[in-house]
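Numbering (the numbering used here), first residue to last: 4 to 1001. Structure first, then comments.
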C-alpha cells in the first residue's frame, strides 16, 4: 500500500530534524488522545528535540499524562507544561535521560510537581532542604518514594545544566546524609530502649564522605558507639550495633519501591570480619597498631553525617594525627601504587577498555594520585586536607604541589569523566561504571553532554582524549613539582618548597633526599633546550626509579649517563621520542650496580634501549664475526684484545639490560612469565659472548706471535657452566686446552708455542682496563694445577686411559669445543665420549665414589658461617644438588639414551624425564629449584656488581634481589620463605634419586 504524502510526510521530517530516531512511533504517540491538547504546540516539539533522547522523553511523557488520576490533574500538568518553561525543560530533560525516573513518575504521577517550583533555595538545596523533603516518610517504603522525589530535582538541575557535576555530586551526598538521618530516626523509634543506652555516630566514607556521590553507589560508612552516662559499655555497643544494622536494612533492603542504595560498612577496622560498631578507644587502638596504608587513605574522606555528630567530630579529630602521619610509614608510596595496580589487574580483560572508574586513565587514577599527595603534604599544610577530589586538586595546584596546568587539565578530565559516569548511571539508576557499547546508549549520553552534531563520534573522541590526559598525568603528577622546586618557573607559578620536596622524596623511598635534589637541580635547572627536555623526562623517570629497590642509585646513574652524553644530540632525543627507551633506561639504572657500571664505561650503549630488538642477544656466529673483524683491524695483540673486550662489554650490557627488563616488565610489555626462559637466555648469551671473546683473543695472539699459522693446531674446550651454556654474569670460564703439532713441526717447539698462547691469552683477558676482565680457569685439566696447561690429544688419551678418576668423567659431561681448530675439537669429543657415557653405565663402586665426593664437598666446601638453606650453589637443594643428580643419570644411562648426551643441565633433566628415568613431578621440582638458584646468582651479581652465591645481607640489596625475582616491595620475607621451600623439596628428591634414600 502506498503511504500518502503530505502532512504525515511533513511531520515525519520534522521529527527527524528534531532528533527522533523512530519518527513513526513518535508520530503515533503524538496522536495519542492523552496529548491532544498539546500535540500541535511548537514549543513542545522543540523542547522534546532538546532532550538527550527525544523518543524516550516522549514515551515517558505519554506514560506520565496517562497516569494522572483525573482530567483535572491531567489538564494541570499539560497547562503547566506548555506555559512554564522551567518545568517543561526540567521534566522533559529528566524523561529524556532517565528511564528509571520516568518509571517512578509513572508510578507516582503527582511527583512531577517537585519540578514545578523554581525558588532560589531550590537551585542549590542542602541537607536541611532534603531533610524537609524526606520529612513525611514514616517507613522504608515511603522513604524510598520521597528519596526519588528529591532525586528528581537533583537530576533535573544536573541534566539542564543548572548545576555543574561537582554541585550535583555534592547534592547527591547531602541527600544521602538526609536519608541516613531519616533511616536512623526510624531505627531509633523502633527500638527506644536501645536508643536510650548509647550514643551512635555515623561517619560517611568514600564518595559520600567526600561530598562527591554518584547517582547509584554504595554509601560507605563507619559506626562509632559510646555508652550514655551510667550505662554499661558492652550493652551500649550491642544496642548501637542493633540500631546500626536496622538503619542499614532500611536503606538497603528491597521492597515494593525497590531499594535506595546499599549501606556498606566494610571500610571499618578488620572489614566485614570486625565488629560493626566500636567505641572510639577501640577504633584508635586498631589504627595505632594494625591499620594498613589504604585504611588511612580511606580516612581522608571520613565525615560525620548522622547520629551523634559531636561524637563523630571527636572521632575525626582523634584519628586525624594518625592520618596525616601515614606517609611516614615504611613503603607508603609503593603500598598505594601496588593497591592501584591490583585494582587494575582485577578488572576482567573484556571490560578494561570500557571501565570508566577503575581502568587506566579513569576516575580512580585521579583520586589515587590526589590522595597520595594529600597524605604526603597534608601533615604540614592543612589547606589541602579536603575530602573532595576537585577541591583538594585545586588546593594542591594553588600550593605548588601540582603544576597549575596539570591541575587544570586533570580538573577538566575528572569533571568530564564524572559527568559521563552520572549520565550512564542515571538512565536506569543502576550501579555501573562501564561505558555502554550500543549506539543508542552512546547517542543519548553524547547528546546529554551537549554533543549534538555527531554525538557518538564526539563522545568517543572526548572520552579518549580525557582518558589519555589522565593516563599521561597521573603518574608524573607526583614527580613533576620536584623539578619545579629546583628549576626556573613561569611568573606567578607556585613552587614546591625545598622541605616539601624532601618530604615527597622520602615518601617515595629516596634514602638521601638532599642528594636527590642536587641531582635534579644539576639536570633540570637553567633555560637551555637540554634542561627543558630533562624537565619533561624526569617526572616520569622519577616514578620508575621509585618503583625500584634503590631510587637513589637510579637517579645518580641517570645523572652520570646524562653528564657523559648530555652534549650528544641523539641522547635526549632518543629518550624523549622513543617511548620504551626512557623506561628501559630507568629500570636498568635502578636495578643494581652491574648494569650502570657497564653502561658508564661506554655510555653510547644506551642507544640499544631504544631499539625494539636491541635487547635480544646476538648469536655466537654474529658475535665471533664482529670480534674477528675488530681483531683484524687492530694494530697488535694488545689493541686487538682491547677491542674484543669492548665488544664483550657492550654485549654484556645488552644481555644484562634485556634480563632486567624481562624480569621487571614495562608499561608496554609484561615481565617474562617463564623464569627458566630468562635463565636460559642469559646462559646462552654470556656463554656465546665468552666463546667469541676467547676466539678473538686466540686469533690476536697467534697473529702477533706466529703470523697466520701456529706450528700446532690448537683448540679450546669449554668445561663446567661454560661448556653447558649456563654461565652466569660472574662466572669464570672453565676450559681445557688441547693442541696437535702440525705435520713436520717440532713437537717441543709446538708445545712451547701452545703454552705461550695460553699464557698470553690469560694475561690479555685480565689486564686492568675499563672493561670487565675475563678469567680463564683450567683447573679441571688432568692432574689439576700440577699438570701442564695444555696437552696433545695423545697425552689426554694416555692420561684418561691410565689415570682417569670418576670425577673427571663427570666433569667431561660438560666438555664442548668453543674456539680454535674445529676438527681438533671434534677429535677431543670423540676421545672423551666413552669416558662420560660408559657402556653399560657406572659400576657400583663408581656410584659410591661419586656419592662420597658429593657428601665430602657438602661438608668441606660450604663457606664458614653461611646458611646452608640459602646458599645457591652448595646449599640444600641448590645448583650442585640438582646438577650432580642429573649428571649421575647421564653417567649411568647416557650410553643408551641419546637425549642425555648434552652438556646442558635442564635439557638432560628433560631427557631423563622423557626416558622414564625420573618421575615428572620430581623432574619439575628439580628444574624449579635449579632455575631459582641460577636466578639468585644472577641477581646477586646484578645488584652488587660482584659475584656471590648467597643472598645479600644489606636490606636494600636484598630488596633489589626480590624485585628482580618478581616480588613486590615489602615481600623480602616471602622470597626467602619461597626459596627455602622450593629448595627443601628439591633436596628431598636428591636424597632419594642421588643418595638412594627411601
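Note that CB positions come from ideal geometry on N, CA and C, so glycine has one too. Model, not experiment: these values are computed from the prediction.
- Between the region 398–411 and the region 527–534 there are fewer than three C-beta pairs closer than 8 Å, too few to call the two in contact.
- In this structure, residue 413 keeps its C-beta atom at 8 Å or more from the C-beta atom of residue 366.
- The alpha-carbon separation between residue 381 and residue 387 amounts to approximately 6 Å.
- Under DSSP, residue 507 forms no beta bridge with any residue.
- When rounded, the separation of the alpha-carbon atoms in residue 796 and residue 645 is 31 Å.
- DSSP places residue 203 in the uninterrupted beta strand (DSSP E) bounded by 201–207.
- In the structure shown, residue 779 falls within a strand segment according to DSSP collapsed to helix, strand and coil.
- Relative to the Cα of residue 974, the nearest Cα in the group 988, 959, 985 belongs to 959.
- With fewer than 16 other Cβ atoms from the protein chains shown falling within 10 Å of its own Cβ, residue 860 counts as exposed.
- Annotated three-state conformation of residue 941 is helix, per DSSP.
- A straight-line Cα-Cα distance of about 9 Å links residue 134 and residue 177.
- In chain order, 857, 997 place their CB closer than 7 Å to the CB of residue 887, counting only its own chain and leaving out the 5 sequence neighbours on each side.
- Counting along the chain, residue 855 sits inside the alpha helix (DSSP H) bounded by residues 847–863.
- When the beta-carbon positions are compared, residue 595 and residue 549 stay at least 8 Å from each other.
- Distance from the CA atom of residue 897 to the CA atom of residue 908, rounded to whole angstroms, is 13 Å.
- For residue 221, same chain residues with a beta-carbon under 8 Å away, outside a window of 5 residues either side, are 209, 264, 265, 266, 267, 434 in chain order.
- When secondary structure is reduced to three states using DSSP, residue 658 falls in the helix class.
- Residue state for residue 350 is assigned as coil, using DSSP reduced to three classes.
- Residue 955 and residue 603 have their C-alpha atoms some 24 Å from each other.
- Here the alpha carbons of residue 32 and residue 218 stand approximately 30 Å from one another.
- By the neighbour-count criterion, in which a residue is buried when 16 or more other Cβ atoms sit within 10 angstroms of its Cβ, residue 259 is exposed.
- Remark: fewer than three beta-carbon pairs, one from each stretch, lie closer than 8 Å, so the region 682–702 and the region 801–818 are not flagged as touching.
- Residues of the same chain with a CB within less than 8 Å of the CB of residue 238, apart from the 5 flanking positions on each side, are 200, 230 in chain order.
- Residue 74 and residue 85 have their C-alpha atoms some 16 Å from each other.
- Between residue 202 and residue 312 a beta carbon distance of about 10 Å is seen, past the 8 Å cut, so the two are scored as non-contacting.
- Between residue 164 and residue 87, the alpha-carbon positions lie close to 18 Å from each other.
- Under a 10 Å Cβ-count criterion, residue 932 is classified as buried, with 16 or more other Cβ atoms of the shown protein chains found around its own Cβ.
- Relative to the Cα of residue 586, the nearest Cα in the group 439, 613, 608 belongs to 613.
- Within the DSSP bridge table, the entry for residue 267 names 223 as partners.
- The closest CA to that of residue 16, considering only 36, 48, 35, 773, is found on 48.
- Along the length of the region 106–148, whole alpha helix (DSSP H) runs at least 4 residues long occupy 123–126, 130–136, reported in chain order.
- Runs of beta strand (DSSP E) with 3 or more residues, each lying fully within the region 419–464, are absent.
- Counting along the chain, the unbroken alpha helix (DSSP H) around residue 725 starts and ends at 723–726.
- By the C-beta density criterion, residue 128 is buried, having at least 16 other C-beta atoms within 10 angstroms.
- If you draw a straight line from the Cα of residue 716 to the Cα of residue 703, it is about 15 Å long.
- With distances taken between CA atoms, residue 760 lies nearest to 740 out of 430, 746, 747, 740.
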